[in-house]
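Heads up: the structure comes next, in structure tokens.
Residue numbers (this note's numbering): 3 to 353.
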């Protein structure tokens, strides 16, 4: 999709392959270095500023201080900022994350991914509104259909009421078995990249998060084609962090029941794409798979019922199912997924 209405400024000369490809996709302005970028921006009016600025990171590391300078200037708050590194450098990537740039890429990568990312940010984050709408309030959050929200409230409220005795018993057992809070609360990314507190019964040791890096080699969803050898999803078979009672409530999905409260208060829906932990969501924002965040987040979904109990489910299959639901969800599809969830719970493996 060629869109010469989107203005992109590329700064740097280390990777001409990128700027050449961008020039065919967008209205491109090429600055040789940061001094030229500074001069170019000073010459622009408010309405002629670029929609996206891409800066190469080099050995001088000046790209980081300049990016910080741009982010501190109110005039540039609406501009997409992307950093590109000519080689892998974990320290650079960490600095980019701390600066909260819109994305960070390490060469080599498919430039088409970068183009899609720019289109995504411009379209769905409304970086480029119509001039007539500049003074209007813009709301880009996903709006849950009234019928879906009504069904969620009634169903989750009734379920919490009926299951309250079971919830109390489970909470008591967890508290007696191990130290720590009964409810495990983590930050998750849902619809439209909204971050919220996600509730589960605690099924792991209280120091489980600290042990994750030591167990990364056991991840079932490791994708050999993943960027930098990392996978966007994490699941460890026979996870040593799980308690004895934790195994039971995971196998029966009882640990998921507190999420009914998330549904009740509107953080998520009964059916949708599973909200992701921050470290997983971060790895989905640099490519086409970010589409999954444009649909409702939910307690159960397509991939949970499609391949539950089958260890060969790949990361790519899981992402495709997420994207399919985001593009095709409906009330009747939700009913089919709910109907398929109970049989899926009876299968051996917990997804």
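Backbone N, C-alpha and C define an ideal beta-carbon position, used for all residues, glycine too.
Check whether residue 117 and residue 81 have beta carbons under 8 Å apart: no
Member of 321, 262, 260 and 254 whose CA lies at the smallest distance from the CA of residue 282: 321
Cα-Cα separation, residue 203 to residue 294: 26 Å
Reduced DSSP secondary structure (H/G/I, E/B, other) of residue 82: strand
Supposed close pair residue 296, residue 326 - CB separation, criterion 8 Å: Contact doesn't hold; Cβ gap of about 12 Å is too wide.
Contacts around residue 180, its chain only, beta-carbon distance under 6 Å, and the 5 residues preceding and following it disregarded: 245
First and last residue of the uninterrupted alpha helix (DSSP H) at residue 42: 36 to 44
Whole-number beta carbon distance between residue 86 and residue 20, since they are thought to touch under 8 Å: 7 Å
Residue 148 to residue 271 span [Cα, whole Å]: 12 Å
Status (buried if at least 16 other CB within 10 Å, exposed otherwise) for residue 206: buried
DSSP beta-bridge partners of residue 29: 9
Residue 101 beta carbon less than 8 Å from that of residue 60: no
Reduced DSSP secondary structure (H/G/I, E/B, other) of residue 199: strand
Whole-angstrom distance between residue 121 and residue 18, CA atom to CA atom: 21 Å
The alpha helix (DSSP H) enclosing residue 169, as first and last residue numbers: 148 to 179
Residue 61 - DSSP class collapsed to helix/strand/coil: coil
Member of 302, 186, 37 and 51 whose CA lies at the smallest distance from the CA of residue 64: 37
Residue 253: first and last residue of the uninterrupted alpha helix (DSSP H) it sits in: 246 to 253
Pairwise C-alpha distance: residue 104 and residue 68: 15 Å
Rounded separation between residue 91 and residue 14 - CA only: 18 Å
Check whether residue 279 and residue 151 have beta carbons under 8 Å apart: no
Continuous beta strand (DSSP E) stretch holding residue 108: start and end: 105 to 108
Neighbour flag for residue 176 against chain B, beta carbons, 8 Å: Here chain B cannot be found, since the structure has a single protein chain.
Residues that DSSP places opposite residue 271 in a beta bridge: 300
DSSP-derived helix/strand/coil call for residue 135: Legend: pLDDT at residue 135 = 38, less than 50; position of this residue unreliable, no value from coordinates given.
Option nearest residue 163 by Cα separation, candidates 344, 306, 266 and 74: 266
Exposure of residue 260, with buried meaning 16 or more beta-carbon neighbours within 10 Å: buried
C-beta contact flag for residue 24 and residue 12 at 8 Å: yes
Contacting residues, own chain, Cβ-Cβ under 6 Å from residue 58 (five flanking each side not counted): 14, 16 and 86
Which listed residue (329, 274 and 75) has its alpha carbon closest to that of residue 302: 274
CA-to-CA distance, residue 333 to residue 256, given in whole angstroms: 25 Å
Simplified DSSP assignment, three categories, for residue 277: coil
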